[in-house]
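Structure first, commentary second.
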Amino acid sequence: MSTGEGFARPELLVDAAWVAEHLDDPNVVVLDGDVEAGYLRGHIPGAVMVPDNYAKDPDTGRVHILAPEKFAAFCQNLGIGDDTLVITYDNNQSLYSGRLWWCLNYYGHTNVKVLDGGWRTWVNEARPVSFDRVAGKPGATFTPKTDESIMVKVDELKKACSLSDTVVWDVRSEAEYTGANDRGNKRAGHIPGAAYLEWFNVMERDSHKFKPAAEIRQMLNDKGITPDKAVFAY
């Protein structure tokens, strides 16, 4: 599991070698976060396809995360129980994996890791590939335990804009930040005072791995996103 050297939380990442060695572990579930076409063109052996990598609730117009009971069913269908170690990956520089990591943590399941480099690194290392559609392991019981501390609400975010010990980080595209692209929202632009650094700048384009910790830390420091501040990202 040797990856993430220099990071504050290296245990949140896992390398391809470790995943390859634990594919047959009964308590490990590997999730492929790509769209169906990507999954069918090849995936890690035993990986289960995530049917909706956003885990958004259709009853709220797909704006909010699935409600607890719906998220529990979502996880159980994937074979995720309360004691399951989840490994998630994708072919989009960990964009979908990171989202799923957050969703699981929000509902109290912290036993989840992101495959550093995802599908790109798995293939580059010439590891085995499967084309079989895999069903989630039956009999899983997932108990959602909502952790509101990792969710920021609008009122809290408004207050943060005027506090010296907080920073708001806009991770969207430059066009969204400047207001050139409203993405269908009622209003364009960004939160006043928000630091701008698009999310994929912390990723290596070729390998899809996270950039070295020191390099990421310098980029964040340059934007005023420092460890002494509470960071609210959107």
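Using UniProt numbering, read the sequence shown as starting at 1 and increasing by one per residue.
Cβ atoms here follow ideal geometry from the backbone N, Cα and C, with glycine treated the same way.
Treat the numbers as computed from the prediction; the structure is a model and nothing was measured.
Straight-line gap, residue i to residue j (C-alpha atoms, nearest Å)
i, j, result
"P227", "I191", "21 Å"
"L78", "W122", "21 Å"
"G81", "A180", "43 Å"
"A37", "D15", "24 Å"
"V129", "A17", "14 Å"
"V112", "D83", "10 Å"
"F71", "T110", "15 Å"
"F74", "C103", "11 Å"
"P10", "Y39", "27 Å"
"L13", "G4", "6 Å"
"P68", "E204", "34 Å"
"T141", "W199", "33 Å"
"G136", "D147", "25 Å"
"G134", "Q76", "The sequence given here places Val at residue 134; Gly does not occur at that position. Whole-angstrom Cα-Cα distance: 14 Å."
"N53", "E21", "25 Å"
"V138", "Y234", "For the sequence presented, residue 138 should be read as Pro rather than Val. The straight-line gap from Cα to Cα measures roughly 35 Å."
As assigned by DSSP and simplified to three states, the class of residue i
i, result
"A230", "strand"
"V167", "strand"
Residue i vs residue j beta-carbon contact at 9 Å
i, j, result
"G61", "N91", "no"
"L100", "V19", "no"
"A195", "K223", "yes"
"N105", "I44", "no"
"E125", "F232", "no"
"L23", "G46", "yes"
"C161", "V154", "no"
"S94", "L115", "yes"
"D165", "Y96", "no"
"G108", "K56", "no"
"D59", "V48", "no"
"L220", "L197", "yes"
"R120", "S207", "yes"
"F131", "R41", "yes"
- Query: Does the stretch 24 to 36 come close enough to the stretch 87 to 103 to have 3 or more Cβ pairs within less than 8 Å?
  - Reply: yes
- Would you be able to state if there are at least three C-beta pairs under 8 Å between the stretch 207 to 215 and the stretch 169 to 183? no
- For the stretch 171 to 206, list the alpha helix (DSSP H) runs that are entirely contained and at least 4 residues long, ordered along the chain. 174 to 178
- Task: Pick out the complete beta strand (DSSP E) segments inside the stretch 11 to 91, 3 residues or longer, and give them in chain order.
- Result: 28 to 32, 85 to 89
- Item | Uninterrupted alpha helix (DSSP H) stretches inside the stretch 89 to 142 (no shorter than 4 residues) | 95 to 106, 118 to 124
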